[in-house]
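Novice: Dumping the structure here so I can ask a few things about it.
Numbering (our numbering), first residue to last: 6 to 385.
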């Protein structure tokens with residue numbers, strides 16, 4: 006069977022798409038990517054998938070000139086998607102949100118190909134919200150998202166992301182990162198494009214924290230700040246592993262005692278799966294979607310939320326020390342999330358895509374699991 010993954014280039018959209026595509030490929034299906042990828046092209050190539058790129062951008066309503074240009078690009082991207090879909094004749098199209106996926110899924114609906122969308126965040130993006138009226142299936146990552154899809158049945162699949170591996174040896178991983186045994190390990194994630202505010206806030210805090218805590222750092226900072234942070238960490242004389250980008254997140258999570266990160270859906274899902282407490286600094290724009298993602302961890306008492314405008318050295322140091330002193334127990338993780346987040350989300354999405362294409366029969370949504378808001382849990 007042939008499948009099209011429609012997605013944008015940000016990590017929040019691309020990682021779930023790549024994980025689902027990988028599962029479909031493992032089952033001997035053909036998968037191709039179609040969308041507006043920007044810097045995500047490197048990851049798609051590295052994963053061994055073919056792709057076609059369309060030019061699209063988000064709709065800017067603040068400036069009529071930019072808005073008109075956005076509409077022009079959207080019309081052109083939709084026309085290009087129609088041509089490409091007619092050429093490839095997929096058995097199903099799976100959209101992962103964002104302006105890069107919107108014209109592709111819309112073109113697939115127009116051509117009457119089977120369509121499915123996956124929403125990573127608790128609060129749905131505008132593109133997926135509009136497309137939900139026309140597609141055959143809507144899948145979501147968090148139970149808390151169901152209330153935003155009134156009148157539409159949704160399937161809770163989880164969010165495809167990195168998963169824990171039983172084969173990881175902590176001592177070998179410490180050697181891999183050139184870090185030391187016996188220190189607290191802090192993992193700092195600046196987001197897929199690197200957050201200058203998070204990078205700066207933490208490195209300033211680390212300079213003070215080293216007098217109060219025996220620790221070391223894994224910091225994934227993005228390209229822009231790498232050189233500056235390299236020099237500043239070296240001056241502190243603490244063990245550190247600094248990267249512009251890092252693919253093997255299971256290794257990093259497996260030895261982290263505390264994580265500081267944005268609150269993208271993929272990150273929140275990984276924190277739950279690896280059971281890692283976190284300080285979350287939601288991205289303050291994009292409709293505030295990350296605030297709702299962060300509240301998933303905060304409500305379970307395994308995460309603290311600090312707004313970006315409230316970042317300070319004293320406040321961050323106090324929060325780090327307090328969270329390390331009161332790390333959540335396994336029982337708290339179990340109480341907050343049960344077994345839902347141990348599921349194979351990529352496998353569930355692959356099952357749904359194959360069923361949608363008519364290539365196979367898989368367990369239907371469990372009617373007994375339907376909530377008042379139309380949420381279905383898949384049988385395990």
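Virtual Cβ for every residue (Gly too), placed ideally from N, Cα, C.
These figures come from a predicted structure and were not determined experimentally.
1) Buried or exposed: which applies to residue 135, given that a residue is buried once 16 or more other Cβ atoms fall within 10 Å of its Cβ?
2) What residues in its chain sit with their C-beta under 6 Å from that of residue 43, if we drop five residues either side in the sequence?
3) Start and end of the beta strand (DSSP E) containing residue 9?
4) Does the region 246-260 come within contact of the region 143-152, defined as at least 3 CB pairs closer than 8 Å?
5) Alpha carbons only, please: which of 327, 96, 18 is nearest the one belonging to residue 357?
6) Given residue 268, which residues of its chain have a CB within under 6 Å of its CB, disregarding the five upstream and five downstream residues?
7) So which of 206, 122, 184, 353 has the shortest CA-CA distance to residue 311?
8) Please list, in chain order, all residues of the same chain as residue 342 whose beta carbon is under 6 Å from its beta carbon, the five residues on each side excluded.
9) Quick one: grab the DSSP three-state call for residue 23.
10) Straight-line CA distance for residue 22 to residue 216?
11) So residue 156 packs on residue 130, CB below 8 Å; how close in whole Å?
12) My output table needs one value for residue 58: the three-state DSSP class, helix, strand or coil.
13) Leaving out the 5 sequence neighbours to the left and right, which residues in its chain are closer than 6 Å to residue 144 when beta-carbon positions are compared?
14) Buried or exposed: residue 76, going by 16 or more other Cβ atoms within 10 Å of its Cβ?
15) For the alpha helix (DSSP H) containing residue 260, list its first residue and its last residue.
16) Do residue 62 and residue 39 have their C-beta atoms within less than 8 Å of each other?
17) Bridge partners of residue 35, per DSSP?
18) Could you name each continuous alpha helix (DSSP H) segment of 4 residues or more that falls completely within the region 125-167, going from the start of the chain to the end?
19) What are the boundary residues of the beta strand (DSSP E) that residue 97 is part of?
20) Taking the C-alpha atoms as reference points, what is the distance between residue 301 and residue 274?
21) Let me make sure I understand the geometry here. Which of 127, 260, 142 has the alpha-carbon closest to that of residue 190?
22) Among 173, 183, 272, 116, which has the Cα closest to the Cα of residue 193?
23) Could you spell out the range, first to last residue, of the alpha helix (DSSP H) harbouring residue 111?
24) Decide if residue 175 is buried, meaning its Cβ has at least 16 other Cβ atoms within 10 Å, or exposed.
25) What residue range is occupied by the uninterrupted alpha helix (DSSP H) comprising residue 279?
26) Grouping DSSP H, G and I as helix and E and B as strand, with all else coil, what is residue 316?
27) Below 7 Å CB to CB, which residues in the same chain sit around residue 28 once its five sequence neighbours on both sides are set aside?
28) Could you name the residues of the same chain whose beta carbon sits closer than 6 Å to that of residue 309, not counting the 5 residues immediately before and after it, in chain order?
29) Please name the residue, chosen from 56, 250, 293, 218, that lies closest to residue 263 on a Cα-to-Cα basis.
30) From what residue to what residue does the alpha helix (DSSP H) around residue 267 run?
31) Start and end of the alpha helix (DSSP H) containing residue 213?
Specialist: Judging by the given coordinates:
1) exposed
2) 14
3) 7-13
4) no
5) 96
6) 285, 287, 295, 298, 299
7) 206
8) 277
9) helix
10) 43 Å
11) The pair is not a contact, with the Cβ atoms about 18 Å apart (cut-off 8 Å).
12) strand
13) 123, 160, 162
14) exposed
15) 254-260
16) no
17) 7
18) 131-136
19) 97-100
20) 10 Å
21) 260
22) 272
23) 107-115
24) exposed
25) 270-279
26) coil
27) 351, 352, 355
28) 284, 324
29) 218
30) Unbroken run through residue 267: none, as it is neither H nor E.
31) 201-214
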